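Asker: Mind looking over this structure? Questions follow.
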Amino acid sequence: MKTTTIEFFREIKKSSGRFVSILFIVALGVAFFSGIRASEPDMRVTGDAYFDQANLMDIKVISTLGLTKDDVKAFEGLDSIDKAEGAYSGDFLNYDGEKQRALHVMSLSEDMNQITVTEGRLPEKSGECLADDESTYKVGDKIKLTSGTEDPVTDTLATDELTVVGTGNSPYYISYGRGSTTIGNGSLSAFLVVPRETFTQDVYTECYLLVKGAKACIAYTDEYEDLIDDAMDDVKELSNDRGIIRRRELVDDATRELDQAKIDLKEGKAKAEQELSDAETQIADAESQLADAKEKIRSGRAQIEEAKNTLTQKQQELDQAKAKYADGVQQLQDGRAQYEAGKTAFEAGKPEAEQKITEGEAALEQIQAGIDICNNGLEALKDMCGNDESIYGNPNTEIGAQYAGLVQQLEGLEQQKTELSAQLQMAKDQLASAEQQLSDTKAALDASEAALASVPAQLTSGQEQINAGWQELSEKEQELEKGMSEITENENKISDAKQDLEEGRTKAAQDIADGEDKIADGEKKIDDIPEAEWYIYDRSTLPEYNGYGENADRMKAIGKVFPVLFFLVAALISLTGMTRMVEEQRVQIGTMKALGYRRSTIAMKYIGYAFLATITGSILGVLVGEKILPYIIIYSYGILYHHIPEILVPYVPSYGIMASAAAIVCTLMATIFACYKELGAQPSELMRPPAPKVGKRVFMEQIPFIWKRLNFSWKSTVRNLMRYKKRFFMTIFGIGGCMALMIVGYGLRDSVYEIADIQYSEIQLYDGQIVLQEDLDEQDREHLNTFLDTDKDVVSYMDAYMKSITLKNGKKERQAYITVFGDVKNIGRYVDFHDRKSGEKYKLTDDGVIISEKTAKLLNAKVGDRITIQDEKNGDKELTISHICENYMGHYIYMTPAYYNKVFGTMPEYNSVLFETDDSYSQTQVEDVGEKIMKRDEVLSISYVHDIQEQLDEMLSSLNLVIIVLIISAGMLAFVVLYNLNTINITERQRELATLKVLGFYDGEVAQYVFRENILLTFIGAAVGVVLGKVLHLFTIQTVEVDAAMFGRSIYLPSFIYSLLFTVGFSLLINWIMYFKLKKINMVESLKSVE
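Numbering (the working numbering), first residue to last: 4 to 1094.
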């Protein structure tokens, strides 16, 4: 083995630390560069492998008139199409308690869009289904479907209840999004897969196509897109002919049905006329029979009425007799009662009366005795006066006075006698009369009772005869009523028959008229049948498909910026290491040169050293970097795309070769340049140490106020920093670069994560957007407005007009949404227009439009510029930009209705409604509100801001692990850079440090002497890194951004703090590691003369 070869390997062994340092820093740079760059194609390869494995369709065709088997055959006949397969699908609702789910039901494909079963099995018969693995449905669940419209489910499916027999996922849905629908709350919750026979439709709802050669291309690449575009052009050309054929088929089928309908109408008309004529004849016969029956009933009623009158008269007479009999009985009873009462009273009063008569007769006798006494007295007085009347007649005399008194007394007694005699006689007469009257009354009562005894039998006999007469009449009446009921029933039947006849005549006329109208409508509809309009879609319309490609594009954009600086720092440090190595070994170079070795032989040692370290590091970096980094990145995106089963990370030679070549060129060129510089000198000059540089004052010495207050150690530190300018700037650049990379990593996270919250919490403030049906009239809009006004859950709403348009400014074009609000005064409740930097609020005026910031940037437009809306139909329209507002998602231009009218010459036809709910409402409550709104016929669909925000957050959250990888990689680079620079620093200053140790400095003091410089350089480098990081972050954000979005521009304070802490932490760790290396410095060996 040659001496130079042995020396070469000895040098590697001797300086293994430097060799390994260069190897690892090159490996780190190459690994990061090639790994990040390879992530983008690896993501595409991984996705493409899954799509190919599942036979995901390349093109989907939908027709307004449906697709037939002939259409499918026509597709397969195209040169660009490998296979075509018809399919069915539809959207339905399922209710789980109060929770509503919108489900996309699709037929099981034979060869395309293959389902991956995660539990259970595929459905095999009608009534079975496979449920979305992301849904809450489990094997064995019963799913009851409703259409969400007026049409029954059975118009589309054979059954409205499905049994879950398995769960799985579909390549149709590679992430969480399931798309939108026109029923329910507007968002699909899950999908179901059913056998084809479950659908009852005559034609396919869609057709899937596989393009020839598509599997050989990688999805998301230009090659694939161009191939699909060419195939779609072929399908579009076919659509013209097939559209005409499909229309002709429908016209022919409709014409045949119409001709048959005309025949059926003619036959039905004749049949109806005959049936109506027969009915009229039957009604006439029935009416004649009914008239005869009515006459018989009338005659019978007359006879019955006459008999009734006779019976009534007889009954009246009998009733009078009964009343008279009853009166007689009552009178007899009253007479007997009076008789008994009189008899009782008589017998009770007779003794008393007789007693009174006896007493009266006794009193009469006493009175008579008094009269006799008075007469005797008068006779005596007369005798006393000798019957001289003058004496007894003179009241003035005593005799006369006595005589007058006796006369008066006699008169009184005579009067009493007369009265009492009359009373006695009267009492006797009354008593006799009463007794006679009682006797007469008893005789009369007995005679009356004898007369009344025979009356009841006569009355009973008469009543029986009358009752028998009524019974006979009742039977006859019942017969008449029965006959009348039959007549009434028959009359009703006749009336019903007449009504039925009239209704039949009317219905027949109406049916005939309807049939004629339907035939006329059918003829018109046949004339109006349009040619089939085909909608041709590629995979970009699938939920989340484009998102996967955009994430790959983001990695591509990150790979264009971040790894380049990373690689430059690594290359610079490895370049510095080799330069230092050559400069350190100038004595050895001079010795070898003096011994006669050729320059090329001497240089090859160092070139080989650099090449071996670089190529080994490059190979290691490529082998590790292109496997680990893409795997980590793709795995991190698995949070979103976990249905993609296998991660593929093939080597991408181009990026490995590119990074390796750049590393080799940088290192070898630096080594060659250093060798050329040293080999150009004489051997004698090389074998002596280089002359020390002329000492210079440092700038701080010009500031006595500071310089005089510094101790020896600090003065030495400042002088050393200024003396080794190359190391000073190299360290600052290395540390600053690593600090900048970490700031960019953290800044990316800040910029990416903030946009969803800012966009939907500070800019677009509404909760949802209602998309209206086309061609609504004012009455429909009023009905919807009334509903929204009366719905307590809707706090406010506003009409809006939104339409996709193409904006142009010079040669730059951009798709954007033109947005016009119905109520200009209240726009601030729905969208906040403001400047991103200053926060200045803007108002929408009639003088111009407000345009979103990213849109203005892509168009290279500014405030005051005139931009153009392309309108091929009515001519281009020019707009004036009045303000540029902050906006992160999508491209928008906003204008007032008046400015829209000014530009387009007509008022906008509002096609959507923005609405707000209460701030306290949860997402579920907002969706419940939307569900009520979706039931309105005026509403086509609803989108919710929180859904968009969640999708955006989920999509951007997948970048979190990627950013962590970037931060960790930057930290590793910072560690290697600091280690390498410190190693070079200690090696260069070994004699100086040995001298300090000889002078009595302790190991700790020597370490402080060196590490004080490192810490200062670390903070200076960190300060440079902050500035560089801000600039690089802005450049990276602008590079990484996709056209459809603008990322945030802010880096928050914690990101700077974390980056600084990591940098300082790595610096302290390196100082700790270097401390042990300082302790091992051999003072004797280090201070030996170089010569």
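By construction, the Cβ of each residue, glycine as well, lies at the ideal position given by its N, Cα and C atoms.
Remember, it's a predicted structure, so these values are computed and weren't measured experimentally.
Quick check on DSSP: helix, strand or coil for HIS645?
Answerer: It is coil, neither helix nor strand.
Asker: Do three or more CB pairs link the stretch 945 to 956 to the stretch 763 to 775 at distances below 8 Å?
Answerer: With a cut-off of 8 Å, the stretch 763 to 775 and the stretch 945 to 956 count as touching, because enough Cβ pairs lie within range.
Asker: Taking a contact to mean a Cβ-Cβ separation below 8 Å, would you say SER1058 touches GLY750 in this structure?
Answerer: Taking 8 Å as the Cβ cut-off, SER1058 and GLY750 qualify as a contacting pair.
Asker: Just the C-alpha distance for GLU1094 and ALA613, rounded to the nearest angstrom, thanks.
Answerer: With a pLDDT of 49 at GLU1094, under the threshold of 50, the modelled position of this residue cannot be trusted; read the value that follows with caution. Roughly 27 Å separates the two Cα atoms.
Asker: Pick out the complete beta strand (DSSP E) segments inside the stretch 873 to 914, 3 residues or longer, and give them in chain order.
Answerer: Taking only runs of at least 3 residues, the beta strand (DSSP E) segments lying wholly in the stretch 873 to 914 are 880 to 888, 895 to 898.
Asker: For the pair the stretch 847 to 860 and the stretch 888 to 897, tell me if three or more CB-CB distances fall below 8 Å.
Answerer: Counting Cβ pairs under 8 Å, three or more are found: they touch.
Asker: For THR184, tell me which candidate among THR1039, VAL980, ASN963, VAL942 has the shortest Cα-Cα distance.
Answerer: That would be VAL942, whose Cα lies nearest to the Cα of THR184.
Asker: Sort out for me which residues DSSP pairs LEU768 with in a bridge.
Answerer: Bridge partners of LEU768: none, in fact.
Asker: Please report the straight-line C-alpha distance between ILE374 and CYS388, rounded to a whole angstrom.
Answerer: Between ILE374 and CYS388, the C-alpha separation is close to 21 Å.
Asker: From the DSSP output, read off the bridge partner residues of TRP537.
Answerer: Looking at the DSSP assignment, TRP537 forms a beta bridge with SER66.
Asker: Is the Cβ-Cβ distance between ASP94 and VAL214 less than 8 Å?
Answerer: In this structure, VAL214 does not lie closer than 8 Å to ASP94 by Cβ.
Asker: Compute the Euclidean distance between the alpha carbons of HIS1036 and THR203, then round it to the nearest angstrom.
Answerer: Approximately 58 Å, taken between the alpha carbons.
Asker: Write down every uninterrupted run of the beta strand (DSSP E) in the stretch 132 to 195 whose length is 3 residues or greater and which is fully enclosed by it, in chain order.
Answerer: Entirely contained in the stretch 132 to 195, the beta strand (DSSP E) runs reaching 3 residues are, in chain order, 145 to 147, 164 to 172.
Asker: What's the gap between the Cα of ASP922 and the Cα of MET46?
Answerer: Whole-angstrom Cα-Cα distance: 40 Å.
Asker: Please state the DSSP three-state secondary structure of ASP281.
Answerer: It is helical.
Asker: Just tell me which of MET975, THR1021, MET429 has its CA closest to the CA of ILE735.
Answerer: Per the Cα distances, THR1021.
Asker: Could you tell me the distance, in whole angstroms, from the CA atom of TYR820 to the CA atom of ALA161?
Answerer: Going from the Cα of TYR820 to the Cα of ALA161 covers about 42 Å.
Asker: Beta carbon of SER451, beta carbon of GLY345: below 8 Å?
Answerer: Not in contact: SER451 and GLY345 (Cβ atoms no closer than 8 Å).
Asker: From the DSSP output, in three-state form, read off GLN818 for me.
Answerer: Of the three classes helix, strand and coil, the one that applies to GLN818 here is strand, per DSSP.
Asker: What residues match up with CYS210 in a beta bridge as DSSP calls it?
Answerer: DSSP, once it has assigned bridges, lists VAL64, GLY89 as partnering CYS210.
Asker: Buried or exposed: MET672, going by 16 or more other Cβ atoms within 10 Å of its Cβ?
Answerer: Burial call: exposed.
Asker: What are the start and end residues of the alpha helix (DSSP H) that includes GLN926?
Answerer: 926 to 937 is the span of the alpha helix (DSSP H), which, as asked, contains GLN926.
Asker: Three or more beta-carbon pairs under 8 Å between the stretch 352 to 360 and the stretch 424 to 434, yes or no?
Answerer: Yes, they touch.
Asker: At what residues does the beta strand (DSSP E) containing SER1 begin and finish?
Answerer: Residue 1 falls outside the range modelled here, since the chain spans only 4 to 1094, and no answer is possible.
Asker: What are the residues that DSSP puts in a beta bridge with LEU810?
Answerer: The partner list for LEU810 (beta bridge, DSSP) reads ARG817, ILE872.
Asker: Quick one: measure Cβ to Cβ for VAL625 and VAL33, integer angstroms, because I've assumed they're closer than 8 Å.
Answerer: With a Cβ gap of about 6 Å, VAL625 and VAL33 count as contacting.
Asker: With 16 as the cutoff for other CB atoms within 10 Å, does ILE664 come out buried or exposed?
Answerer: Looking at the sequence provided, one finds Ala at residue 664 rather than Ile. So ALA664 counts as exposed.
Asker: Shortest alpha-carbon distance to ALA523 belongs to which of LEU268, GLN319, ILE307?
Answerer: Residue LEU268 is the option with its Cα nearest to ALA523.
Asker: Hey, quick one: how far does the alpha helix (DSSP H) through GLY593 stretch, first residue to last?
Answerer: Segment 589 to 597, the alpha helix (DSSP H) holding GLY593.
Asker: Taking LEU413 as the reference, which of ALA372, GLN428, ALA425, LEU427 has the closest Cα?
Answerer: When each option's Cα is compared against that of LEU413, the closest is ALA372.
Asker: To which residues does DSSP link MET109 through a beta bridge?
Answerer: SER92, VAL196.
Asker: In angstroms, rounded to a whole number, what distance separates the CA positions of SER603 and GLY628?
Answerer: Rounded to the nearest angstrom, the two C-alpha atoms are 34 Å apart.
Asker: Mind the definition here: the stretch 929 to 937 touches the stretch 793 to 801 only if three or more C-beta pairs lie below 8 Å; say whether that holds.
Answerer: Enough Cβ pairs lie closer than 8 Å, so yes.
Asker: Helix, strand or coil for GLU1094, going by three-state DSSP, please let me know.
Answerer: Per-residue confidence for GLU1094 stands at a pLDDT of 49, beneath the threshold of 50, marking its modelled position as unreliable; the derived number appears in the next sentence. Coil at GLU1094, not helix or strand.
Asker: Out of ASP449, GLY737, TYR658, which has the shortest C-alpha to C-alpha gap to LYS559?
Answerer: That would be TYR658, whose Cα lies nearest to the Cα of LYS559.
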